[in-house]
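**Q**
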Amino acid sequence: MVSASNVAKKVQTAAGSLTILQNVNIAIAAGESLAVVGASGSGKTTLLGILAGLDLPSSGDVALAGESLTHLDEEARALLRGRLVGFVFQNFQLLGSLTAAENVMLPIELRGDGDALHRAEELLARVGLSERGHHYPRQLSGGEQQRVAIARAFACRPQVLFADEPTGNLDTATGERITELLFELNADYGTTLVLVTHDSRLAKRCTRSITIDTGQIVAETLHASMSDDDSAGSDRPAGSEL
Amino acid sequence: MATADAVAKVPRRMPLALRLAWRDWRSGELRLLLGAIVVAVASVTAISLFVDRLQSALIEQSATFLAADRVLSGSTPAPVELRDRATNLGLQQAETVTFATMLYTGEDKNLLASVKAVSEAYPLRGVLRVSAEPFGPDTVSSDLPLPGEVWLDPRLFPALALELGDTVEIGFKQLRVSGILTREPDRGGSFTDLAPRALMRINDLAATKIIQPGSRVSFRYLLRGDEGDLESAYEALAEGERSRYRWLGARDSSAAIGNALERAESFLLLGGLLAVLLAGVAVALAAHRYARRHFDHVGVLKTLGATPRVILQNFLGVLMLVGALGVLFGLLVGNLLQQLVLLYVNDLIPGELPSAGLRPYLLGAVTGFICLFSFALPPLLALRHISPMRVIRRDLVEGDLAGMLTYGSALVGTIVLLLWYSGSVVLTLYTLGAVSAVVILFAAAAWLALSGTGALGMQAGSFWRLALAGIKRRSRASIAQMLIFGLAIMLLLILVLVRTSLLSEWREQLPDDVPNHFVMNVTPDEVESVRVKLERISDRVGELFPMIRGRIVGVNGMTTDEWSAQLGNLFDNDIDNERNLTYSDQMPGENVVTQGEWWAQGTAEKLISLEDDYAIRHGLSIGDQLEIDIAGAVVSGRVSNFRRVDWDSMRPNFFVIFSPAMLEGMPTTFMTSFHLPREEQRELNGFMRQFPTVSVIPMEDIIEQVQDIVDRVTQAIELVLALVLVSGCLVLLASIQSSRDERLAEHGLLRALGATRSLIAGSLSVEFLTLGALSGLLAVAGAELAVALLQVQVFELTPRLHGWYWLFTPLAGALLVLAVGLAGSRSLIASPPMRVLRNLD
């Protein structure tokens, strides 16, 4: 579903050329979940951006659902993202000028699909926020905001979901609930999941994790699939405070 | 369901752009941009509406010089087609027939008079003034002489030894003298109508038997009504017919009035330009803030699959929507504003102002969109290049919003608007040149001033330090704000300074003792005695010029018709009109040679000096050989120089001056001008009695009308100034808004760390005072530069320094920026720190 071969990323700084990624090779199968772990500044977020087509590598090739991204311009990559990709961000990235429901409707509207409102309501109900749809992001807690972001990420039934430190801004308990929700929806929709995290517990929920250090993959670990009873607590009543 | 209720407020079938706009609006994101456009459109529309109406009023006012809105003037009566069309269109009509003839009295005294026979409706504009005794105080008269009666110029009474009730003969008709006519609106300042006036009814004309084929008579057909109808009436005339007549509008009625109006117009437009520039700055500021606040928005949209094209379409859609709304509101507000202004100045402007046409609204609307696209589009266009990586890499800093494109497009928009408004490339270039020079100088000076504040800040108390540190920390923004404040103040200052020098120029041109009478028909042997007598009654008597009537009949061996035809009708073909000519060894005092050289004293060569506009209009150049018909004798001479003539000077001025050798032996009379205060005009009785054949022409009407126009224009400029000031303040507000987020963050943090509200208010005050004072200083320097350029190049004045403005402007700037700044940041100071921090994400 997602592949990277010999990917490198260099940027020009005042001090000269800086290598952020080098010699990265990854293949992620459909339905697989991959955690990218590593220290701050190791290059994991840059890798996520390149895999998702938000940025282009300096060399090497990246393919999404069999389509090479490196030869596409921003216009075409955007169309591909709209079709295939969903995102969850560490700082939620909800649009402050839109209500929760409108934030969820946005990707559906961008695709030009009809009945965005109905679908947004369904998804908000699914993440337990059916009563908060008319609230603006600033009126929601961090956990609620991330639930809205997850609803938005699944709004277009993406084939791949990229998550950048999805629990990074949340306390442990809330983070765990968000993790549950994320994996639950991931299973429901059969989505491929690529997430960047510091959180080893979150990484272990994935089928595989790779460790990045100074721009290179230094380790790869396969995890046993988590059992269903580990997801206890995900069925909390809708609308309760996270 | 609550979600459904909330979202249902967004109509479902709206295109995405509309929904984005709606949501941005609902969240307050678009209000500043919309506000700026409303301000832009409203100020332009209000100024333009007001100027338009004032101009109509001025034209209407000067229409009194024609006694009508339009006049068809010719040597035969107006064709029946015109009369019929005018009647069908419902235009008011009147007719005058003017001719020179001898007036006889019973005692066999006679004098040449200019008789004007008028129809009942005369005058269509303006009023007649009459006095009870010759040279006594006059009053407005709404009457006309009755059939069988005549009203006479006061000068005729002493000259003919007449009294009211006497009879005079005009041709074969005896008329009873029933009034003393002191003024008529269309007397004009031309010398073709030299002799004193006799006003009679057109119905009596036939009985005089004076009008015969071939007699020199001027027929004028007067019309009054709507602009469109007037032009439509003229269109009734066939092409061939038109060439036999002159079609006169208010602007043609007198060169002096024409000049005054033209200056008024370009001056008021200058005011309009300033409002547009300020509005443009406000729009640009608002658009930049809007764009900056949408960086994340665009990043998120892109991660969700929005292509750059979709981004572009959406923001263009939003912009169009905001533009349309802004223009609509702007037009409404502009209209209201203009009405308010009129209400306020009701007693300043006498009489009803005519209603404006559609042009001001068009001007406002187009200005709104030009402003929007040239000032607001670039930052929004740049949004499509925002990297989606921004969403996960917060350290990605977006560079300049479109950089050069922003400035380039703003410049193009400004030039288009400037050109469109001023219709003058020169004015546009100088305004632009001054502004760009000032922007560069300002930026440099502001930067220097900010470097200087460091040392100052270290020595001052704590909120000084806080304020100055703030200014320095935001040095780019501070320089930009000083630029904006400075420019706004500079523009206002230019207007004030130019107004002042323009007015003083006008006043200097028309001092209290400006000659208000012309004396003509002085025979060579009377010259000395006339001079002596005039010097006794007047404190200001001009030079006595010889004057001969003549007309150019040939150019370089061609007839004037051939010459005009060769010029391809591009120029006026009135080259062979009869004109007043003079000869002199010395150039008249206020003339300036523009080409060639003035001849040597006592030259034996036959040389000609021409007024430069006249020469250019008729395609003449130095060295051309002209033939001039003077009372049947043709003399010829070579053009040796062109002169610039100050037609506003109210002194005798000549299109054509000869070297004395050319007119040797020609019969000539002399003319001069002098000043006589109104209350001393009875003195003229004695003068007229002593020199009955000398013509004295009062010029006061023209002078007073010019002064009246100057007064009105002054008032108009004050109003335009007030409107510009309002736009200037709104720009200040917009620029404070644009640094609002940063200030909120800063103040929130300071408050959280224990800063008191008064410390923040104090530091804000110091910041605004400093910015305002520095801006004021920059403004006065810039304004001096721009005004000096304008004075030299456009108004042809000597530039000078305006000393006390250097003191006053920084002070006023500091207070203005302080007042507006504190008003604009009240909510910044009042915000509780918690709310401030929460708003920061």
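Sequences listed follow chains Y and U, in order.
Under our numbering, think of the first position of the first sequence as 1, with each following residue one higher.
Under our numbering, think of the first position of the second sequence as 243, with each following residue one higher.
From the three backbone atoms N, C-alpha and C, an ideal C-beta is built for every residue, glycine too.
Please identify, using Cβ separations under 8 Å, the residues of the stretch 521-549 of chain U that lie next to chain Y, in order along the chain.
**A** Going along the stretch 521-549 of chain U in chain order, one finds Asp538, His539, Gly541, Val542, Leu543, Lys544, Thr545, Leu546, Gly547, Ala548 and Thr549 with a Cβ nearer than 8 Å to chain Y.
**Q** Counting only beta-carbon separations shorter than 8 Å, does U/Val564 have a partner in chain Y?
**A** No, no contact with chain Y.
**Q** What separation, rounded to the nearest whole angstrom, lies between the Cα atoms of U/Val834 and U/Asn330?
**A** Each residue's Cα considered, the two are about 51 Å apart.
**Q** How far does the alpha helix (DSSP H) with U/Asn927 in it reach, from first residue to last?
**A** Counting along the chain, the alpha helix (DSSP H) containing U/Asn927 begins and ends at Glu925 to Gln932.
**Q** With distances taken from CA atoms, which of U/Gln837, U/Gly844 and U/Val876 is nearest U/Ile858?
**A** Of the listed residues, the one whose Cα sits closest to U/Ile858 is U/Gln837.
**Q** State yes or no: is the beta carbon of U/Asp471 nearer than 8 Å to at least one beta carbon in chain Y?
**A** Chain Y, which has no Cβ nearer than 8 Å to the Cβ of U/Asp471, makes this no.
**Q** I want to verify the contact list: residues of chain U whose CB lies under 9 Å from the CB of Y/Ala15, in sequence order.
**A** By Cβ distance, chain U contributes nothing, its closest Cβ being about 16 Å from Y/Ala15, past 9 Å.
**Q** I'd like the list of long-range same chain contacts for U/Phe897, defined as Cβ closer than 6 Å, with 5 residues on each side in sequence excluded.
**A** Closer than 6 Å at Cβ, skipping near neighbours: Arg821, Glu853 and Tyr856.
**Q** Excluding the 5 residues preceding and the 5 following Y/His135 in the sequence, name in chain order all residues of the same chain whose CB lies nearer than 6 Å to its CB.
**A** Correct list, in chain order: Ala100.
**Q** Pull up the CB-CB distance for U/Ile978 and U/Gly1063, whole angstroms please, since I reckon it's below 8 Å.
**A** Contact flag correct, Cβ pair sits at about 6 Å.
**Q** Quick one, are the C-beta atoms of Y/Phe154 and Y/Leu185 less than 8 Å apart?
**A** Yes.
**Q** What are the start and end residues of the alpha helix (DSSP H) that includes U/Ser771?
**A** Where U/Ser771 is concerned, the enclosing alpha helix (DSSP H) stretches over Val769 to Ile779.
**Q** Secondary structure at U/Thr343, three-state DSSP: helix, strand or coil?
**A** Reduced to three states, the DSSP call for U/Thr343 is strand.
**Q** Are the beta-carbon atoms of U/Leu1027 and U/Tyr672 separated by less than 8 Å?
**A** Cβ distance not < 8 Å, so U/Leu1027 and U/Tyr672 don't count as in contact.
**Q** Buried or exposed: U/Arg1068, going by 16 or more other Cβ atoms within 10 Å of its Cβ?
**A** Classification for U/Arg1068: exposed.
**Q** Hey, is U/Asp468's beta-carbon within less than 8 Å of any beta-carbon in chain Y?
**A** No, U/Asp468 lies away from the interface with chain Y (no Cβ there is under 8 Å from its Cβ).
**Q** Could you tell me which of U/Glu477, U/Gly470 and U/Glu411 sits nearest to U/Thr450, measuring between CA atoms?
**A** It is U/Glu411.
**Q** Determine the DSSP secondary structure at U/Tyr487, reduced to helix, strand or coil.
**A** Reduced to three states, the DSSP call for U/Tyr487 is strand.
**Q** Determine whether the Cβ of U/Arg982 lies closer than 8 Å to any Cβ atom of chain Y.
**A** No, U/Arg982 lies away from the interface with chain Y (no Cβ there is under 8 Å from its Cβ).
**Q** Report yes or no: do the stretch 104-120 of chain Y and the stretch 177-193 of chain Y share at least 3 C-beta pairs separated by less than 8 Å?
**A** The stretch 104-120 of chain Y vs the stretch 177-193 of chain Y: no contact.
**Q** So if I threshold CB-CB distances at 8 Å, which residues from the stretch 109-124 of chain Y count as touching chain U?
**A** Residues passing the 8 Å Cβ filter: Glu109, Leu110, Arg111, Leu117, Ala120, Glu121 and Leu124.
**Q** What does Y/Leu95 touch in chain U if you count any residue whose Cβ is under 7 Å from its own?
**A** Correct list: His539 and Val542.
**Q** Any C-beta of chain U sitting closer than 8 Å to the C-beta of Y/Asp55?
**A** Output row for Y/Asp55: interface = yes.
**Q** Under 8 Å, Cβ to Cβ, is there at least one residue of chain U near Y/Thr45?
**A** Y/Thr45 counts as touching chain U.
**Q** Step through the CB atoms of chain Y and report whether any lies within less than 8 Å of the CB of U/Arg273.
**A** By this cut-off, U/Arg273 is not an interface position.
**Q** Is there a C-beta anywhere in chain Y that falls below 8 Å from the one on U/Asp311?
**A** Not closer than 8 Å to any Cβ of chain Y, the Cβ of U/Asp311 fails to qualify, so no.
**Q** Whole angstroms is fine: what's the gap from Y/Lys44's alpha carbon to Y/Lys9's?
**A** So the two alpha carbons sit approximately 12 Å from each other.
**Q** Is it right to say U/Phe727 is buried, meaning 16 or more other beta carbons lie within 10 angstroms of its own, or is it exposed?
**A** Per the 10 Å Cβ criterion, buried.
**Q** Mind reading off the beta-carbon distance from U/Ser937 to U/Ala517? Whole number of angstroms is fine, and I expect it under 8 Å.
**A** Incorrect: roughly 49 Å between the Cβ atoms, too far for contact.
**Q** Answer yes if the stretch 406-421 of chain U comes into contact with the stretch 437-448 of chain U, meaning at least three C-beta pairs across the two stretches below 8 Å, and no otherwise.
**A** Yes, the stretch 437-448 of chain U is in contact with the stretch 406-421 of chain U.
**Q** For the stretch 918-927 of chain U and the stretch 875-890 of chain U, state whether three or more C-beta atom pairs, one from each stretch, are separated by less than 8 Å.
**A** With a cut-off of 8 Å, the stretch 875-890 of chain U and the stretch 918-927 of chain U do not count as touching, because too few Cβ pairs lie within range.
**Q** Report the three-state DSSP secondary structure of U/Gln1033 (helix, strand or coil).
**A** The answer is helix: DSSP assigns U/Gln1033 an H, G or I state.
**Q** What's the C-alpha gap between U/Asn811 and U/Ile817?
**A** A caution first: U/Asn811 carries a pLDDT of 49, below 50, which makes its placement in the model unreliable, though a value can still be read off. Going by the C-alpha atoms only, they are around 12 Å apart.
**Q** Are there three or more Cβ pairs, one per stretch, closer than 8 Å when the stretch 646-661 of chain U is compared with the stretch 619-630 of chain U?
**A** Segments in contact, yes.
**Q** By the three-class DSSP mapping on this structure, what secondary structure does Y/Ile20 have?
**A** Of the three classes helix, strand and coil, the one that applies to Y/Ile20 here is strand, per DSSP.
**Q** Does any residue of chain U have a CB that is nearer than 8 Å to the CB of Y/Ala78?
**A** Y/Ala78 counts as touching chain U.
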